[in-house]
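Everything below concerns the one structure shown next.
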Amino acid sequence: MAKKDYKLVPAADEGVGLYVLDAPMLNETGNPLSYPFGFEPTLHRYRMDMPEKLKMGNNIFVGAMSDVFGAWVPDSWLDEIFAACEKYPVHNYLFLTKNVERYAAYGVPCRLDNMWYGTSITRESEAGRWNQLPAGCRTFVSIEPLLEDIEPEKHNTMFRQVDWVIIGAETGRKKEKVVPAIEWIWKIVKEADQAGIPVFMKDSLIPIIGEGNMRREYPAGLQRKAISAKMEKKLYDSCVSCKAYMKKSMMVALSARSMRGEQPKQFGFMCKECFRKFCEDCSIVMPVLAGLPEHGVTGKADRL
């Protein structure tokens with residue numbers, strides 16, 4: 050299909066049309082193209098179930114290579130994105146935008162602790178953006194790339210209001226690339242430390258401050274690694290006797306067969322304490338199993 054054959058929707062800012070993909074666009078070898086239209090705004094609708102495929106809770110930067118709160122993004126796209134996020138609450142979702150006013154204009158959900166809203170600051174003139182972050186939500190500022198001294202001592206209120214600070218330097222090979230002065234970095238860190246705010250430094254700062262001085266801190270809410278519902282079902286179960294809920298690996302697997310040659314079928318799990326009691330009550334010599342005594346604990350017959 051030619052580019053013109055793909056679905057287009059109107060841009061929210063009345064600019065050029067935006068692309069919508071209900072299925073991935075494939076290259077000549079049959080592999081999906083990550084950026085089929087370059088950096089033209091594209092809704093990859095087929096990716097909305099991606100969080101379900103992750104085994105553990107993750108910190109997901111939503112639209113990491115774009116600005117999903119850009120003025121050109123329709124509200125309907127945001128509706129779809131937030132519906133997907135709320136469908137898979139085991140993950141944390143981080144949003145980052147320069148168009149910070151859009152958070153309030155759209156009405157982002159703040160009742161969920163796993164939604165994080167941030168804004169980018171690169172120079173002193175942009176430092177006021179933090180003040181438009183949504184009140185009552187988890188918020189952060191990304192000071193990247195740090196292009197000049199943002200005079201953090203003038204913005205100490207910011208460090209008392211946000212939950213996280215990210216700092217990074219400009220990357221790339223252009224001749225005019227700004228290398229932040231080490232003083233600019235430590236001034237930001239000092240203000241964050243005084244406010245008790247965790248600091249995460251991007252690797253782009255290593256050549257400036259050294260690996261030994263790097264800070265890679267996360268707020269408590271971003272440190273949790275919950276397990277997905279699908280993986281929980283796979284790894285956990287209840288003891289058939291006492292109903293205690295625990296990892297299957299901590300219990301004894303129960304299996305049975307009705308005739309010789311038949312493959313045993315697993316039908317449940319029993320915690321080790323209940324398994325010991327079951328063997329004793331039924332006068333069964335308990336088999337030697339990992340995590341249980343080497344010599345079988347026996348039932349009534351052993352005490353005769």
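The numbering used here applies: residue 50 is where the sequence shown begins, and numbers increase by one.
Glycine included, C-beta positions come from ideal geometry on N, C-alpha and C.
Source: prediction; values computed, not measured.
- Going by C-alpha positions, Glu311 is about 57 Å away from Ser115.
- Restricting attention to Arg264, Met207, Ala305 and Leu92, the CA atom closest to the CA of Thr168 is found in Met207.
- When the five nearest sequence neighbours on each side are left out, the beta carbons in the same chain lying within less than 6 Å of the beta carbon of Arg187 are those of Trp165 and Asp212, in order along the chain.
- Per the Cβ contact rule, the segment 288-296 is not in contact with the segment 267-275 (fewer than 3 Cβ pairs under 8 Å).
- The beta carbons of Leu67 and Trp126 sit closer together than 9 Å.
- For Trp233, the uninterrupted alpha helix (DSSP H) segment begins and ends at Ile231 to Ala244.
- Contact between the segment 213-222 and the segment 247-257 is established, with three or more Cβ pairs separated by less than 8 Å.
- Between Arg172 and Glu200, the alpha-carbon positions lie close to 9 Å from each other.
- In its chain, beyond the 5 residues on either side, Leu70, Asp71, Ala72 and Pro73 have a beta carbon closer than 8 Å to the beta carbon of Tyr95.
- DSSP places Tyr267 outside both helix and strand once states are collapsed to three, so it counts as coil.
- The beta-carbon separation of Ala293 and Cys331, rounded to 20 Å, does not stay under the 8 Å limit for a contact.
- The beta carbon of Tyr137 is closer than 7 Å to those of Pro100 and Glu101 in its chain, skipping five residues each way along the sequence.
- As DSSP reads the structure, Asn141 sits in a beta bridge with Asn108.
- For Asn80, the number of other beta carbons within 10 angstroms of its own is below 16, and it is reported as exposed.
- Looking at Pro59, Leu143 and Pro90, the one whose alpha-carbon comes closest to that of Tyr267 is Leu143.
- Here Met308 is exposed: its Cβ has fewer than 16 other Cβ atoms, across all protein chains shown, within 10 Å.
- Cβ neighbours of Ala60 within its own chain (closer than 6 Å, five residues either side excluded): Leu67 and Trp121.
- Cβ contact annotation for Arg264 (same chain, cutoff 6 Å, sequence separation greater than five): Val248 and Met250, in chain order.
- Boundaries of the beta strand (DSSP E) harbouring Ser169: Met164 to Ser169, taken from the DSSP string.
- Separation of the CB atoms of Gly217 and Pro183 is rounded to 23 Å, and the pair is thereby denied contact status at 8 Å.
- DSSP places Thr220 outside both helix and strand once states are collapsed to three, so it counts as coil.
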